[in-house]
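Position in the sequence shown (first residue = 1) + 738 = the working numbering. To keep things clear, I will list the structure first and then write my remarks on it.
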Amino acid sequence: MLKLALLLLAPFITISVADQTPENQQNPADGDDILVIGTKTIKEAVGDFIDTTVAGPKGGRNVGQYARFSAPICPKVFGFSQANDEAIEQRIRGVSLAADIRVGAEDCKPNVYVVVIDDGKSAITMLRKKHHRIFGALPIYKRDQLAESRGPVFSWKAIWTVSANGTSIHTSDGGSSLASGTGGGLSDDRFAASRTHVNSLIKQPVQEDMRASYLLLEKKALAGLTTLQIADYAAMHSLMETRADPDQDAAFFSILSLFKNKQAGRDIPDSISEWDLILLSALYSTPSDVRARMQRSAMQQKFIKEVEAAQDQ
């Protein structure tokens, strides 16, 4: 199904940036400094960075949960030269490993897709008409917003609400419940799961499992960028639900500021930052079966320990 969708995208895909492999193939963020902004305490700076970078969970911190991949990461890139496609895939794998995120074997089934396109609106319109199932349970109004986005980034994720042990939740009609991280109700799923899982004030009967991430990048926005920058942006944007997008301000040192800063003529990051990597690692190390407020607290505590350890070196 997905292969067909990518084939349908072919008219919108062309060779993009200059044919180059990622420069400076050092480990992600080698040479980066841990920084704390202004006069804020480490706790305040870390908390602000988390809230600025990670999208708020559906239902809020007291009800919702932060989503992440439970399966190993398996990136697939289309639209560059074959060498650059492969180089970006390997870089995404490297960033994942640097953040202690599991990575699939070379022949794994892809779940992180990065595609270069000429025009995002045309590509989204075509996919909605001819291959709408690729959007999963993404609500119609969210698909409309996606189609009307100014770009150059068009993205969505398939997120399933699953039981705490990772199995799908089955509804009364015999189907499996699918919920997008950007819309759709979860109350029935949580009620159904609560009847079959541990009764706890801390543990939750369900968790949010990111099954696939789709990232379409318009070719015109990639001019002047290195494949290293593109790969690092794709990794950070794809491995979590990010709050920052080209219409919002990310932390200036985060790779997520890449397109917004480029459009504004500001300095752009050369690669993923140390704080980006720590945040990814923190997200994927927190319990997946607790409420978002507890996940965030665990992320912040781990983050602060990493920052303080780096300052002591």
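C-beta: ideal position from N, C-alpha, C; glycine also.
Buried or exposed for residue i, going by 16 or more other Cβ atoms inside 10 Å?
i, result
"A748", "Reliability fails at A748, whose pLDDT of 49 lies under 50, so the model's placement of it is uncertain and the value that follows must be treated cautiously. So A748 counts as exposed."
"Q803", "buried"
"K778", "exposed"
"Q1033", "buried"
"G889", "buried"
"E979", "buried"
"I1006", "buried"
"R840", "exposed"
"I878", "exposed"
"R829", "buried"
"V852", "buried"
Would the beta-carbon of residue i fall within 8 angstroms of that of residue j?
i, j, result
"A836", "L1021", "no"
"L884", "I862", "yes"
"A950", "K880", "no"
"V833", "D987", "no"
"K814", "E824", "no"
"Q1038", "G797", "no"
"L955", "V891", "yes"
"S1026", "Y952", "no"
"E1090", "A805", "Nothing can be reported for residue 1090, as the shown portion of the chain is limited to 739 through 1051."
"T964", "N822", "no"
"K957", "I855", "yes"
"V850", "I897", "no"
I'd like the span of the beta strand (DSSP E) that includes residue i, first residue to last.
i, result
"V891", "V891 to S901"
"D882", "Here D882 belongs to no beta strand (DSSP E); instead the alpha helix (DSSP H) covers I878 to E886."
"R1029", "Run containing R1029: none; DSSP gives neither H nor E here."
"I698", "Residue 698 is absent from the structure shown; the chain starts at 739 and stops at 1051."
"A875", "Careful: A875 lies outside any beta strand (DSSP E) and carries neither H nor E."
Measure the C-alpha to C-alpha separation of residue i and residue j and round it to an integer number of angstroms.
i, j, result
"A1048", "I1042", "10 angstroms"
"R871", "C846", "22 angstroms"
"K868", "L1018", "34 angstroms"
"G962", "V1028", "42 angstroms"
"G794", "E1044", "23 angstroms"
"S977", "F807", "A quick correction: the sequence has Leu, not Ser, at residue 977. Going by the C-alpha atoms only, they are around 7 angstroms apart."
"I1010", "E886", "29 angstroms"
"V801", "R981", "18 angstroms"
"F816", "H975", "17 angstroms"
"F818", "D857", "15 angstroms"
"G842", "I788", "27 angstroms"
"E782", "Q820", "44 angstroms"
"V792", "A989", "11 angstroms"
"A1036", "S1023", "9 angstroms"
"T909", "S995", "Residue confidence is low: T909 scores 34 on pLDDT, short of 50, so the model does not pin down where it sits. No coordinate-derived value is stated."
"A967", "F997", "With the sequence shown as reference, residue 967 is identified as Gln, and Ala is not the correct amino acid for it. If you take the alpha carbons of Q967 and F997, they lie about 10 angstroms apart."
"D882", "F873", "12 angstroms"
"V944", "G1003", "44 angstroms"
"K859", "E1046", "44 angstroms"
"M864", "I993", "30 angstroms"
"M948", "A809", "8 angstroms"
"A688", "R866", "The structure shown has nothing for residue 688, since the chain only spans 739 to 1051."
"F991", "K1040", "20 angstroms"
"A1030", "I780", "21 angstroms"
"D838", "A959", "30 angstroms"
"D1008", "T790", "20 angstroms"
"P848", "R831", "12 angstroms"
What are the boundary residues of the alpha helix (DSSP H) that includes residue i?
i, result
"S860", "G858 to K868"
Looking at the C-beta of residue i, does it have a partner C-beta in chain D at a distance below 8 angstroms?
i, result
"R866", "In summary, chain D is missing from the structure at hand, where a single protein chain is found."
- beta strand (DSSP E) segments (min. 3 residues) lying fully within the region 960-1020: For secondary structure counted as the beta strand (DSSP E) over 3 or more consecutive residues, the region 960-1020 holds no complete run.
- Message: What ranges does the beta strand (DSSP E) occupy inside the region 779-848, keeping only unbroken runs of at least 3 residues that lie completely in it?
- Response: Annotation: the region 779-848 contains the following complete segments of the beta strand (DSSP E) (minimum length 3 residues), in chain order: 813-816.
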